[in-house]
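Peer 1: Once you've had a glance at the structure underneath, I'll fire off some questions.
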Amino acid sequence: QDLASLVADRVRVEGNARLVAEGDVEILFRDTRLTAPRIVYDREIDRIDITGPIVIHDGGSTLVLADAASLDADLRNGVLLSARLVLDRQLQLAATQVARLDGRYTELLDSVASSCEICAANPTPSWEIRARRIVHDQEERLLYFQDATFRLFGVPIAYFPRLRLPDPTRDRVTGLLIPRVRSTSQLGTGLKFPVFVTLGDHADITLTPYLSSSTSTLEGVYRQSLRFGDVIVEGAASNDDLVTDDLRWYLFAEGVFDLPRGFRLEFDVEEVSDRTYLIDYDYSEQDRLATEIEIVRARRDEFVSASLANFETLRDSEIPIRDQLPSLYGQFELEHRVPVGRGEMRIRLDAAILDREADADQIGRDVTRIGFSAEYGRGFVLPSGLVGRHTIGFDADSYEVDNDTRFEGTSGRITPSISTELRWPLARSGPGGTRQLLEPVIRVGWADSSGDPVPNEDSVLVEFDEGNLFSLSRFPGDDRIEEGLRANIGLGYTVIASSGWSSNLTVGRILRPDDATEFPRGTGLDAPRSDWLTAVQIDLGERLDVTSRALFDDGFSLSKSEARIAYADSSLSLESGYLWLEEEPRDNRPFDTHEVSLDGALRLSRHWTGTFGTRYDFNQDRSARAALGLEYRSECLIVDLSLSRRFTSTDTLEPTTSVGFGLRLAGIGDTRSDESYRKTCNG
Amino acid sequence: QETAIDFGGLRQDTTQPVEVASDALEVNQSDGTATFSGNVVVSQGAMRLSAGRITAIYAGEASAGRIRELRAEEGVTLVAGEDAAEAQSAVYDIDEGSVVMTGDVLLTQGPTALSSERLVIDLVNGTGSLEGRVRTIFETGER
Amino acid sequence: CGFSPVYGPGGAAEGLYGQIAVAPPRDEPGYLFVRHLEERLGLPDAPLYRLDAEIALDETGLGVTPDQEITRIQIAGEATYTLTDLATGAVLQSGEARSFTSYSAPVFSEQRNSIAGNAVTVRAAESDAVERLMTILGDQIVSRLLATAPDWR
Numbered sequence: 063q064d065l066a067s068l069v070a071d072r073v074r075v076e077g078n079a080r081l082v083a084e085g086d087v088e089i090l091f092r093d094t095r096l097t098a099p100r101i102v103y104d105r106e107i108d109r110i111d112i113t114g115p116i117v118i119h120d121g122g123s124t125l126v127l128a129d130a131a132s133l134d135a136d137l138r139n140g141v142l143l144s145a146r147l148v149l150d151r152q153l154q155l156a157a158t159q160v161a162r163l164d165g166r167y168t169e170l171l172d173s174v175a176s177s178c179e180i181c182a183a184n185p186t187p188s189w190e191i192r193a194r195r196i197v198h199d200q201e202e203r204l205l206y207f208q209d210a211t212f213r214l215f216g217v218p219i220a221y222f223p224r225l226r227l228p229d230p231t232r233d234r235v236t237g238l239l240i241p242r243v244r245s246t247s248q249l250g251t252g253l254k255f256p257v258f259v260t261l262g263d264h265a266d267i268t269l270t271p272y273l274s275s276s277t278s279t280l281e282g283v284y285r286q287s288l289r290f291g292d293v294i295v296e297g298a299a300s301n302d303d304l305v306t307d308d309l310r311w312y313l314f315a316e317g318v319f320d321l322p323r324g325f326r327l328e329f330d331v332e333e334v335s336d337r338t339y340l341i342d343y344d345y346s347e348q349d350r351l352a353t354e355i356e357i358v359r360a361r362r363d364e365f366v367s368a369s370l371a372n373f374e375t376l377r378d379s380e381i382p383i384r385d386q387l388p389s390l391y392g393q394f395e396l397e398h399r400v401p402v403g404r405g406e407m408r409i410r411l412d413a414a415i416l417d418r419e420a421d422a423d424q425i426g427r428d429v430t431r432i433g434f435s436a437e438y439g440r441g442f443v444l445p446s447g448l449v450g451r452h453t454i455g456f457d458a459d460s461y462e463v464d465n466d467t468r469f470e471g472t473s474g475r476i477t478p479s480i481s482t483e484l485r486w487p488l489a490r491s492g493p494g495g496t497r498q499l500l501e502p503v504i505r506v507g508w509a510d511s512s513g514d515p516v517p518n519e520d521s522v523l524v525e526f527d528e529g530n531l532f533s534l535s536r537f538p539g540d541d542r543i544e545e546g547l548r549a550n551i552g553l554g555y556t557v558i559a560s561s562g563w564s565s566n567l568t569v570g571r572i573l574r575p576d577d578a579t580e581f582p583r584g585t586g587l588d589a590p591r592s593d594w595l596t597a598v599q600i601d602l603g604e605r606l607d608v609t610s611r612a613l614f615d616d617g618f619s620l621s622k623s624e625a626r627i628a629y630a631d632s633s634l635s636l637e638s639g640y641l642w643l644e645e646e647p648r649d650n651r652p653f654d655t656h657e658v659s660l661d662g663a664l665r666l667s668r669h670w671t672g673t674f675g676t677r678y679d680f681n682q683d684r685s686a687r688a689a690l691g692l693e694y695r696s697e698c699l700i701v702d703l704s705l706s707r708r709f710t711s712t713d714t715l716e717p718t719t720s721v722g723f724g725l726r727l728a729g730i731g732d733t734r735s736d737e738s739y740r741k742t743c744n745g
Numbered sequence: 490q491e492t493a494i495d496f497g498g499l500r501q502d503t504t505q506p507v508e509v510a511s512d513a514l515e516v517n518q519s520d521g522t523a524t525f526s527g528n529v530v531v532s533q534g535a536m537r538l539s540a541g542r543i544t545a546i547y548a549g550e551a552s553a554g555r556i557r558e559l560r561a562e563e564g565v566t567l568v569a570g571e572d573a574a575e576a577q578s579a580v581y582d583i584d585e586g587s588v589v590m591t592g593d594v595l596l597t598q599g600p601t602a603l604s605s606e607r608l609v610i611d612l613v614n615g616t617g618s619l620e621g622r623v624r625t626i627f628e629t630g631e632r
Numbered sequence: 395c396g397f398s399p400v401y402g403p404g405g406a407a408e409g410l411y412g413q414i415a416v417a418p419p420r421d422e423p424g425y426l427f428v429r430h431l432e433e434r435l436g437l438p439d440a441p442l443y444r445l446d447a448e449i450a451l452d453e454t455g456l457g458v459t460p461d462q463e464i465t466r467i468q469i470a471g472e473a474t475y476t477l478t479d480l481a482t483g484a485v486l487q488s489g490e491a492r493s494f495t496s497y498s499a500p501v502f503s504e505q506r507n508s509i510a511g512n513a514v515t516v517r518a519a520e521s522d523a524v525e526r527l528m529t530i531l532g533d534q535i536v537s538r539l540l541a542t543a544p545d546w547r
């Protein structure tokens with residue numbers, strides 16, 4: 063026996079069984095709350111007759127509105143007339159008659175379900191499902207439809223004798239997802255029918271058959287989360303008209319696991335059957351595959367990492383010389399920072415192993431390297447406000463080289479180094495509370511390698527920017543160390559306005575007594591006086607952020623210029639990248655690279671959003687990629703239309719145009735649009 | 490808007506004699522009232538009205554004629570058959586046959602209990618109505 | 395011209411060197427970021443403030459050849475930082491530092507002149523680009539802390 067409580071303005075007891083309550087009547091039973099203007103409770107037959115408007119909150123996410131109702135006293139069973147069920151403030155089910163069974167099932171007869179806002183002006187909702195019978199299972203949070211017709215803008219589109227949909231509060235339930243259309247010039251127009259299957263609470267799989275005039279494909283994504291990690295495996299298998307004789311497939315697997323004592327294990331598997339499969343099906347733009355495993359731990363004073371990777375190229379030009387590319391690459395790195403006196407000793411142990419399948423001289427070179435380095439650094443502040451840092455250290459590497467007669471079997475190299483950096487940060491407060499900082503910086507460094515010549519596998523692609531303007535060695539890897547005496551000079555200027563915008567400018571250059579021929583020409587670092595490095599960054603609060611960088615010599619001829627612009631306000635967001643790289647044949651860059659990319663989204667109106675993206679190649683004087691998208695989004699419907707064209711032309715890859723059309727119902731399952739997209743009736 | 494509570498038990502003949510018992514009695518000739526205090530119990534037929542203090546107002550002069558009205562204070566309990574009502578104070582107008590109870594009213598009828606601010610009982614046709622945020626607890630039968 | 399040394403006598407950051415402790419890292423970029431900030435702010439011996447930062451990286455491909463090969467990658471980085479007073483726990487200063495670095499992945503082909511562009515060279519260039527980005531973001535935060543020192547110290 064459970065107690066229900068009733069509160070009302072006036073109560074009248076008739077006989078010792080009938081109780082009539084009027085005026086803001088409220089009945090509370092367990093977590094169900096019912097409010098109505100008048101109810102009559104008859105204890106003999108344990109029935110409550112209620113005159114509307116009735117509102118029933120079930121404590122969870124279900125709300126029931128009705129004009130009249132007759133329920134048993136614990137509100138669990140009974141019939142409501144011209145009732146409306148609102149699930150999670152999203153999905154509305156209306157019916158002339160609604161029956162509640164055991165507080166779990168709600169049955170609606172000749173009912174309409176929709177999550178669309180219905181306006182008096184045009185009463186047909188964007189979509190609705192009319193059904194002879196709908197049963198809502200509150201415990202399983204599922205909706206069962208019988209004889210259901212799906213109507214889009216009032217037009218009947220599909221009929222389902224039986225249909226089962228998750229209610230809005232349920233996000234993981236096995237079932238069919240909304241199909242998507244994909245049409246490309248290569249594969250024709252096809253349909254994707256995704257099916258989502260939950261495997262327990264911690265794993266699920268999405269299988270998507272993709273059928274078109276020229277392909278039959280099965281795609282799959284398997285996700286598994288464990289107590290100590292996660293695994294995602296995705297893949298597909300197809301036979302299509304593009305590669306007729308055999309099966310085309312790809313497999314990408316990714317796992318991250320937390321190991322004891324703070325270590326983390328990551329693995330990545332990437333395999334594909336043939337070169338253009340990923341691009342033909344838009345699975346990935348990757349042109350190189352890496353299958354690798356890594357163990358890593360990062361602490362404040364220690365970093366440890368060990369990894370083993372296998373590379374495979376998909377690039378058309380690299381296929382013929384595949385065996386000359388590194389196929390196996392192992393790396394180990396341990397750096398420890400030990401406080402010593404007022405400074406810090408950095409001990410570093412690193413090793414690398416590289417193997418090429420080819421064995422011919424030079425082109426089949428295999429290398430094993432072990433390195434040890436120690437550097438003591440001490441920072442200090444002088445009374446004049448100068449802040450500086452001394453470093454002294456040495457680096458020792460030994461190499462084991464096979465298949466390359468230019469290097470003996472075993473060779474070694476010792477490189478002592480010493481440096482002093484001085485900074486003099488000066489501050490000023492400008493008008494209106496703007497804060498300014500001017501910081502001249504100079505770092506004088508010296509290093510000298512002695513020992514045998516060693517191969518260069520990892521220090522080939524050198525960049526010069528504010529990130530290594532003051533580094534002791536600007537080579538990216540360990541196979542090369544910047545030698546000789548040099549002075550890195552720079553000036554940084556930062557201004558921060560109280561209104562929120564800020565900007566900083568960095569200018570720098572490297573001065574040497576003689577050439578640094580080990581640096582490739584295009585880096586701007588090879589001459590005794592390096593190229594000027596200038597970098598400007600402007601940040602207007604959340605809205606605009608511009609970062610640009612340029613390298614030019616004394617004659618102001620540019621060797622590199624890059625910029626990134628990001629703009630966002632309530633209706634427009636833009637992201638653009640600009641790139642100009644002077645040609646550098648020694649670096650396998652046979653001609654200049656000159657390109658701009660622009661991606662943006664513009665909220666055209668309350669419901670319509672346009673997206674666009676393009677990449678223009680100035681050298682080829684045409685755009686490499688152009689994409690347009692249009693999305694209609696309301697509180698109950700998301701329709702997206704996308705058109706993209708890729709202008710590539712090689713013997714195996716021709717320009718492709720792909721058109722995508724997708725329609726998703728919001729308010730069913732957990733797809734949801736934020737309130738700013740909700741249709742307003744006067745609109 | 491008057492609503493009636495069916496007081497099966499309280500259909501009373503208000504013409505029956507009224508007996509009042511109490512620890513102490515104080516008669517006030519000037520305004521024709523008598524004040525009973527200390528465990529005062531008024532009985533009329535099957536009805537019992539008890540309170541900490543009851544002031545009786547007589548039709549004629551005090552303690553001789555017929556009681557016209559009873560004013561009960563300091564915690565009042567009215568019992569009739571299986572129904573019982575408690576409140577802070579009550580006024581029993583015998584001529585009209587009506588009892589008005591006010592202040593933390595609690596009416597219990599068998600298993601059902603109702604609380605409110607004000608309860609008006611009409612003894613002639615045995616009904617009563619509660620007003621002012623009435624609150625009741627009732628058992629939902631899993632019969 | 396109104397500029398005065400920040401660390402100098404009477405400067406807004408006088409004595410600040412070594413007073414800011416940087417929150418420990420969780421991954422490699424974080425390790426490089428913390429190491430660089432401790433170089434710039436001084437190893438904390440009696441810290442009065444704590445600097446926390448959340449770093450987000452995002453790569454975009456550029457320099458796409460007609461053969462659909464991506465030859466230049468820009469890594470955009472954003473470090474959202476807060477400086478808290480260790481004694482009171484109050485947030486003294488917060489903001490975002492944003493910048494980008496890039497690395498090349500040139501086309502490696504038969505008629506090549508160097509091994510530039512093979513997977514090992516690109517991988518080394520990528521991790522160096524991340525390290526440089528951590529240096530730039532760290533420097534930007536230090537410059538802002540020094541410039542706005544009068545407001546929070």
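Residue numbers (this note's numbering), protein chains in the order written: chain A, 63 to 745; chain B, 490 to 632; chain C, 395 to 547. Using N, Cα and C, we set each Cβ at its ideal position, and we do this for glycine too.
(1) With distances taken Cα to Cα, identify the nearest neighbour of tyrosine 461 of chain A among A:Ser521, A:Glu419, A:Val516, A:Ser144.
(2) How many Å lie between glutamine 413 of chain C and arginine 547 of chain C at the Cα?
(3) So leucine 327 of chain A and isoleucine 357 of chain A are supposed to be a Cβ contact under 8 Å. How far apart are they, rounded?
(4) With a cut-off of 8 Å, do at least 3 Cβ pairs link the region 502-515 of chain A to the region 473-481 of chain A?
(5) In whole angstroms, what is the alpha-carbon distance linking serine 247 of chain A and threonine 718 of chain A?
(6) Would you kindly report the start and end of the unbroken beta strand (DSSP E) that includes glutamate 408 of chain C?
(7) Would asparagine 530 of chain A and arginine 506 of chain C qualify as a contact pair, given that the criterion is a beta-carbon distance under 7 Å?
(8) Relative to the C-alpha of threonine 459 of chain C, which residue among A:Lys741, A:Arg289, A:Arg677 is closest?
(9) To which residues of the same chain is aspartate 172 of chain A closer than 7 Å at the C-beta, ignoring the five residues directly before and after it?
(10) Determine, for leucine 456 of chain C, whether the minimum Cβ-Cβ distance to residues of chain A falls below 7 Å.
(11) Leaving aside the five residues before and after arginine 410 of chain A along the sequence, list all residues of the same chain whose C-beta is less than 6 Å from its C-beta, in chain order.
(12) Does DSSP put phenylalanine 427 of chain C in a helix, in a strand, or in coil?
(13) To the nearest angstrom, how far is it from the Cα of arginine 695 of chain A to the Cα of leucine 727 of chain A?
(14) Using C-beta distances below 7 Å, list every residue in its chain close to phenylalanine 532 of chain A, excluding the 5 sequence neighbours before and after it, in chain order.
(15) Give the residues of chain B in contact with tyrosine 103 of chain A, contact being defined as C-beta atoms less than 7 Å apart.
(16) Leucine 170 of chain A and valine 160 of chain A: beta carbons closer than 7 Å?
(17) Would leucine 163 of chain A and valine 148 of chain A be called neighbours here (beta carbons separated by less than 7 Å)?
(18) For the beta strand (DSSP E) containing proline 544 of chain C, name the first residue and the last one.
(19) By a C-beta neighbour count over all protein chains shown, 10 Å radius and 16 as the cutoff for buried, is tryptophan 670 of chain A buried or exposed?
(20) Report the three-state DSSP secondary structure of arginine 434 of chain C (helix, strand or coil).
(21) Would you mind reading off the limits of the beta strand (DSSP E) that contains leucine 596 of chain B?
(22) When the Cα atoms are used, what is the spatial distance from glutamine 490 of chain B to glutamate 88 of chain A?
(23) Kindly provide the ranges of any beta strand (DSSP E) runs that are 3 or more residues long and lie completely inside the region 661-687 of chain A, ordered along the chain.
(24) With distances taken between CB atoms, is the gap from glutamate 562 of chain B to arginine 537 of chain B smaller than 7 Å?
(25) Name the residue from B:Asn528, B:Ala602, B:Gly599, B:Val509 whose alpha carbon lies nearest to the alpha carbon of tyrosine 547 of chain B.
(26) For cysteine 743 of chain A versus cysteine 178 of chain A, is the C-beta distance shorter than 7 Å?
(27) Check tyrosine 345 of chain A in the structure and name its three-state DSSP category.
(28) Of all the CB atoms in chain A, is at least one closer than 7 Å to the CB of arginine 557 of chain B?
(29) Along the chain, where does the beta strand (DSSP E) that runs through leucine 163 of chain A open and close?
(30) Examine chain A for any beta-carbon lying closer than 7 Å to the beta-carbon of valine 514 of chain C, and answer yes or no.
Peer 2: A quick look at the data gives this:
(1) Along the first sequence, one-based indexing puts residue 461 of chain A at 399. That would be A:Val516, whose Cα lies nearest to the Cα of tyrosine 461 of chain A.
(2) Counted from its first residue, the third sequence places residue 413 of chain C at position 19. Counted from its first residue, the third sequence places residue 547 of chain C at position 153. Between glutamine 413 of chain C and arginine 547 of chain C, the C-alpha separation is close to 11 Å.
(3) Against the first sequence, residue 327 of chain A aligns to sequence position 265. Against the first sequence, residue 357 of chain A aligns to sequence position 295. Right, their Cβ atoms sit about 5 Å apart.
(4) yes
(5) If you number the first sequence from 1, residue 247 of chain A lands on position 185. If you number the first sequence from 1, residue 718 of chain A lands on position 656. Those two C-alpha atoms are separated by around 6 Å.
(6) For the purposes of this step, residue 408 of chain C is taken as the residue at position 14 of the third sequence. Unbroken run through glutamate 408 of chain C: none, as it is neither H nor E.
(7) Position 468 of the first sequence, counting from 1, holds the residue named residue 530 of chain A. Position 112 of the third sequence, counting from 1, holds the residue named residue 506 of chain C. Taking 7 Å as the Cβ cut-off, asparagine 530 of chain A and arginine 506 of chain C do not qualify as a contacting pair.
(8) Position 65 of the third sequence, counted from the first residue, corresponds to residue 459 of chain C. When each option's Cα is compared against that of threonine 459 of chain C, the closest is A:Arg677.
(9) Here residue 172 of chain A is taken as the residue at index 110 of the first sequence, counted from 1. Closer than 7 Å at the Cβ level, and outside the excluded window around aspartate 172 of chain A, lie Ala157, Thr158, Arg194.
(10) Here residue 456 of chain C refers to the residue found at position 62 of the third sequence. Answer yes: the Cβ-Cβ gap between leucine 456 of chain C and chain A drops below 7 Å somewhere.
(11) Residue numbering aside, residue 410 of chain A sits at position 348 when the first sequence is read from its first letter. Cβ neighbours of arginine 410 of chain A beyond the five flanking positions: Glu397, Ser435.
(12) Here residue 427 of chain C is taken as the residue at index 33 of the third sequence, counted from 1. Phenylalanine 427 of chain C: helix per DSSP, three-state reduction.
(13) What you label residue 695 of chain A is simply residue 633 of the first sequence in a count that begins at 1. What you label residue 727 of chain A is simply residue 665 of the first sequence in a count that begins at 1. Taking the straight line from one Cα to the other gives about 10 Å.
(14) On the first sequence, position 470 is the one that residue 532 of chain A refers to. So the qualifying residues of the chain are Glu483, Val503, Arg505, Asn550, Gly552.
(15) The residue you call residue 103 of chain A lines up with position 41 of the first sequence. What tyrosine 103 of chain A touches in chain B: Phe627.
(16) Numbered from its first residue, the first sequence carries residue 170 of chain A at position 108. Numbered from its first residue, the first sequence carries residue 160 of chain A at position 98. Taking 7 Å as the Cβ cut-off, leucine 170 of chain A and valine 160 of chain A qualify as a contacting pair.
(17) Position 101 of the first sequence, counted from the start, is the residue given in the question as residue 163 of chain A. Position 86 of the first sequence, counted from the start, is the residue given in the question as residue 148 of chain A. Taking 7 Å as the Cβ cut-off, leucine 163 of chain A and valine 148 of chain A do not qualify as a contacting pair.
(18) Locating residue 544 of chain C in the third sequence gives position 150, counting from the first residue. First-last for proline 544 of chain C: 543-546, but that is the alpha helix (DSSP H), not the beta strand (DSSP E).
(19) One-based indexing of the first sequence puts residue 670 of chain A at position 608. With fewer than 16 other Cβ atoms within 10 Å, it is exposed.
(20) Start at 1 with the first residue of the third sequence, and residue 434 of chain C comes out as number 40. In the structure shown, arginine 434 of chain C sits in a helix (DSSP, three-state: H, G or I).
(21) Stepping through the second sequence from its first residue, residue 596 of chain B is reached at position 107. Residues 587-598.
(22) For this step, residue 490 of chain B is matched to residue 1 along the second sequence. For this step, residue 88 of chain A is matched to residue 26 along the first sequence. Only weak support exists for where glutamine 490 of chain B lies, its pLDDT of 29 falling under 50; the value from the coordinates is given anyway. Roughly 20 Å separates the two Cα atoms.
(23) 670-679
(24) One-based indexing of the second sequence puts residue 562 of chain B at position 73. One-based indexing of the second sequence puts residue 537 of chain B at position 48. No, these two residues do not count as a Cβ contact at 7 Å.
(25) Taking the second sequence and counting its residues from 1, one reaches residue 547 of chain B at position 58. When each option's Cα is compared against that of tyrosine 547 of chain B, the closest is B:Val509.
(26) Locating residue 743 of chain A in the first sequence gives position 681, counting from the first residue. Locating residue 178 of chain A in the first sequence gives position 116, counting from the first residue. For cysteine 743 of chain A and cysteine 178 of chain A, no; Cβs fall outside 7 Å.
(27) As a working mapping, residue 345 of chain A is identified with position 283 in the first sequence. In this structure, tyrosine 345 of chain A counts as coil in the three-state DSSP scheme.
(28) Residue mapping note: residue 557 of chain B aligns to position 68 of the second sequence, counting from 1. Judged by the 7 Å Cβ criterion, arginine 557 of chain B is not in contact with chain A.
(29) To locate residue 163 of chain A, count along the first sequence from 1; it is residue 101. Run containing leucine 163 of chain A: 153-163, per the beta strand (DSSP E) assignment.
(30) What you label residue 514 of chain C is simply residue 120 of the third sequence in a count that begins at 1. Closer than 7 Å to some Cβ of chain A, the Cβ of valine 514 of chain C qualifies, so yes.
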